[in-house]
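Novice:
Residue numbers (the numbering used here): -15 to 315.
1. Excluding the 5 residues preceding and the 5 following residue 26 in the sequence, name in chain order all residues of the same chain whose CB lies nearer than 8 Å to its CB.
2. Answer with buried or exposed for residue 295, where buried requires no fewer than 16 other C-beta atoms within 10 angstroms of its C-beta.
3. Pull up the CB-CB distance for residue 132 and residue 217, whole angstroms please, since I reckon it's below 8 Å.
4. What is the rounded straight-line gap between the Cα of residue 200 and the Cα of residue 146?
5. For residue 141, collect the residues of the same chain with a Cβ closer than 8 Å to its Cβ; drop the 5 residues on either side in sequence, then sort them by chain order.
6. Counting only runs that start and end within the region 219 to 282, where is the beta strand (DSSP E) found for 3 or more residues in a row?
7. Runs of 3 residues minimum, wholly inside the region 132 to 211: which ones carry the beta strand (DSSP E) assignment?
8. Provide the residue(s) that pair with residue 217 in DSSP beta bridges, ordered along the chain.
9. Taking DSSP as the reference, what is the three-state secondary structure of residue 310?
10. Please report how far the alpha carbon of residue 156 lies from the alpha carbon of residue 40, in whole angstroms.
11. By Cβ distance, which residues of its chain are closer than 7 Å to residue 266, with the 5 residues on each side in sequence left out?
12. Quick check on residue 45: does DSSP put it in helix, strand or coil?
13. Does the count of Cβ pairs from the region 124 to 131 and the region 97 to 108 closer than 8 Å reach three?
14. What residue from 70, 214, 153 and 10 has the CA that sits closest to residue 286's CA?
15. Answer with buried or exposed for residue 62, where buried requires no fewer than 16 other C-beta atoms within 10 angstroms of its C-beta.
16. What is the DSSP secondary structure of residue 64, counted as helix, strand or coil?
17. What are the boundary residues of the beta strand (DSSP E) that residue 109 is part of?
18. Below 6 Å CB to CB, which residues in the same chain sit around residue 104 once its five sequence neighbours on both sides are set aside?
19. Does the beta-carbon of residue 312, which I'm using as the reference point, lie nearer than 7 Å to any heavy atom of the ligand COA?
20. Should the region 109 to 128 be called in touch with the region 77 to 85, which here means at least 3 C-beta pairs below 8 Å?
21. Counting along the chain, where does the beta strand (DSSP E) carrying residue 93 start and finish?
22. Quick one, which of 298, 239, 220 and 260 has its alpha-carbon nearest residue 78's?
This is the structure:
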């Protein structure tokens, strides 16, 4: 049951296994994520935590950042099984279990943060959420983050720039696009990029603006391609709760959690826009070259994605064409 846990976390789980009913009838939810406490995704979790604990409904949230409870990519199944109560989780990390989730990190599918917000409220996302719920996981907070590229020795703006480079992408669809452009692929969580670049395993990577800063990738690269007028990389990274944990809450606790989630989602949307400019500033301040993607380069990437990622999704996922069409129909 605890095979995904770090050694230090086993003791914590044994002490607070599942939802704990303490002497004062306090219910404690355990929330896991991979980022530092300065990251926007931790801040989103903190907003929920603060709200529910101030609501006076005998509910608290214990946050485990920096993979201190579960490894980054290993949080879906514990959540679906009720071994983990809550997580902030890039949904495409579970694309191997539910290939439909790969649409939440599809190159060029999301055009802007405002477009991402419209996707969140669309029938497309309703379909994705239903797949999650059928596997025992409920979405509490919607959120998309944008991202760019970074190169250890050179700039990455066009498909030609990745030829022959060992490159990291966050999900299957991006890996397929990059491989079609001539890159060699190294799969890993964003929390592993720094060490992989430091040890020469990686030449280039793409991830969210927030992760580029949170994991100090600026210390390992020569050039950064931030989100600007053109950005390929948008990834859905919601706050999730186990349906088993949700089912154990009373009505007042659920209402407090939903109210906190509403506040957190509004913050997440506004802060996501700020993360892109902040990442550019931090990389510039650390002496990293900034290179912007042009419209021509963006379109070249989109053509490769259409012939690789999009086609592969349609061919390999039952009902894939319908889901893709649903996503593409959102203006």
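Glycine included, every Cβ here is placed at the ideal spot set by N, Cα and C.
Specialist: Looking at the coordinates:
1. Translated into positions along the chain shown, residue 26 becomes position 42. The beta carbon of residue 26 is closer than 8 Å to those of 17, 19, 20, 47, 49 and 72 in its chain, skipping five residues each way along the sequence.
2. Translated into positions along the chain shown, residue 295 becomes position 311. With fewer than 16 Cβ atoms within 10 Å of its Cβ, residue 295 is classed as exposed.
3. Against the chain shown, residue 132 aligns to sequence position 148. Against the chain shown, residue 217 aligns to sequence position 233. With a Cβ gap of about 6 Å, residue 132 and residue 217 count as contacting.
4. Along the chain shown, read from residue 1 onward, the residue named residue 200 stands at position 216. Along the chain shown, read from residue 1 onward, the residue named residue 146 stands at position 162. The alpha-carbon atoms of residue 200 and residue 146 are separated by roughly 22 Å.
5. Position 157 of the chain shown holds residue 141. Same-chain partners within the cutoff: 133, 209, 275, 276, 277, 278 and 281.
6. Taken in chain order, the complete beta strand (DSSP E) segments of 3 residues or longer contained in the region 219 to 282 are 223 to 226.
7. Counting only runs of 3 or more, we get 150 to 152, 188 to 192 and 207 to 209.
8. Position 233 of the chain shown, counted from the start, is the residue given in the question as residue 217. Partner(s): 131.
9. On the chain shown, residue 310 is found 326 positions in, with the first residue counted as 1. If DSSP states are grouped into helix, strand and coil, residue 310 belongs with the helices.
10. The residue given as residue 156 occupies position 172 in the chain shown. The residue given as residue 40 occupies position 56 in the chain shown. Straight-line Cα distance between these residues: approximately 43 Å.
11. The residue given as residue 266 occupies position 282 in the chain shown. Same-chain partners within the cutoff: 197 and 202.
12. Your numbering for residue 45 matches position 61 in the chain shown. It is a strand residue.
13. Pairwise C-beta distances place the region 124 to 131 in contact with the region 97 to 108, as three or more of them are shorter than 8 Å.
14. Taking the chain shown and counting its residues from 1, the one referred to as residue 286 is at position 302. For residue 286, the nearest C-alpha among the options comes from 214.
15. Here residue 62 is taken as the residue at index 78 of the chain shown, counted from 1. Residue environment analysis places residue 62 among the buried positions, since at least 16 neighbouring C-beta atoms fall within 10 angstroms of its C-beta.
16. Locating residue 64 in the chain shown gives position 80, counting from the first residue. Looking at residue 64 - three-state DSSP - the assignment turns out to be helix.
17. Taking the chain shown and counting its residues from 1, one reaches residue 109 at position 125. Going by DSSP, residue 109 is part of no beta strand (DSSP E) but of the alpha helix (DSSP H) stretching over 107 to 118.
18. As a position in the chain shown, residue 104 is number 120, starting the count at 1. Here the set comprises 126.
19. Judged by which ligands are present, the structure shown has none, so any question about the ligand COA falls away.
20. Result yes; three or more Cβ-Cβ pairs closer than 8 Å.
21. Along the chain shown, one-based indexing puts residue 93 at 109. Note, residue 93: premise wrong, no beta strand (DSSP E); not H, not E.
22. Start at 1 with the first residue of the chain shown, and residue 78 comes out as number 94. Distances from the CA of residue 78 to each of 298, 239, 220 and 260 were compared; the closest alpha carbon is that of 220.
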